[in-house]
Amino acid sequence: MKSSLRLLAFGFLTTVAAITSSCGDKTKDPQVQTQQATLTGQIQPATAVTLVTATSAGGQSVQATPDAIGRYSFPQLAVGTYTLSFTPTPSYVAPANVTVVLQASGTSAGTVTAVEAAPAATYTVTRTDVTPTSFRTTATPEGIRIDCLTTPDGHTLTFFLDSPEPKVGNYDLTTSTQHAHYVGPDGVEYDSQPGPNNATPSASLLITAVSTSPRRLTCTFTLKNMGAVSAVGTSPLSRTITGTFTNITY
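Here you go:
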């Protein structure tokens, strides 16, 4: 009798141990695999965007750089919904975000077209703020001429550069071929070259960004004590002008 009870007890313990071992060994359970696919797209023009960011519904982000013809790709993304955002070059406006659902077979976000940023400028003439309303760039024998025109106020600020292909860097504006010229509403002309009312000029233009496609440049400028070169009347003998312009065609 006791022998039978011992056998039954041993069998019970063996069964419990087997069940416990089976439940506890999770290393052999099959893992759930996340489906992955490739998300692609196209930027037009190709040079308009420097970076594309894909953000999942959970907030995770990955980035891709468009190639020379504007194509971008996100390989091995988990399938699901993504928001695409775009970082433009200085000459373009950021395209609107795009929401796309990545399928297991792969998905194309299509072509996103960026538009050129409008030219703009602001400057201050001896505590008077001026916002030009139009811009004109023309070729000169030495390089280029950029006119910033303001209507109906009548301010005109002109830059003469002695290079047809300006580069990022600082430019001295105190020479006969490279200088700035200003005409105010009173018709009095001022120039950054040395003159009777400007014996020691200090004028420079710092180009901070240049795009060759489209041909645009962005800069800041400081024109200290520009001397009057025409009849002054009650106007000051000199003017100081500081400001910036962006995306000006050259």
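Each step along the sequence shown adds one to the number in the working numbering, with nothing skipped, and position 250 is 260.
The C-beta atom is built at its ideal place from N, Cα and C for all residues, glycine as well.
Here the structure is a predicted model, which is why all the values come from computation and not from measurement.
Remark: C-beta atoms of Gln52 and Ala88 do not approach each other more closely than 8 Å.
Rounded to whole angstroms, the Cβ separation of Leu49 and Ala119 is 7 Å, and the two are in contact under 8 Å.
Distance between Thr44 and Thr91, taken at the CA atoms: about 14 Å. Residue state for Ser101 is assigned as coil, using DSSP reduced to three classes.
DSSP, read as helix, strand or coil, puts Ile154 in strand. The C-beta separation of Asn235 from Asn208 comes to about 6 Å, placing the pair in contact by the 8 Å criterion. Annotation: the continuous beta strand (DSSP E) that includes Lys234 extends over Arg225 to Ala238. Annotated three-state conformation of Gln46 is strand, per DSSP.
With contact defined as three or more Cβ pairs closer than 8 Å, the stretch 160-169 and the stretch 189-208 are in contact.
The three-state reading of DSSP puts Glu175 in coil, since its state is none of H, G, I, E or B. Taking the Cα positions, Pro176 is about 19 Å away from Tyr102. When rounded, the separation of the alpha-carbon atoms in Ile79 and Ala56 is 5 Å.
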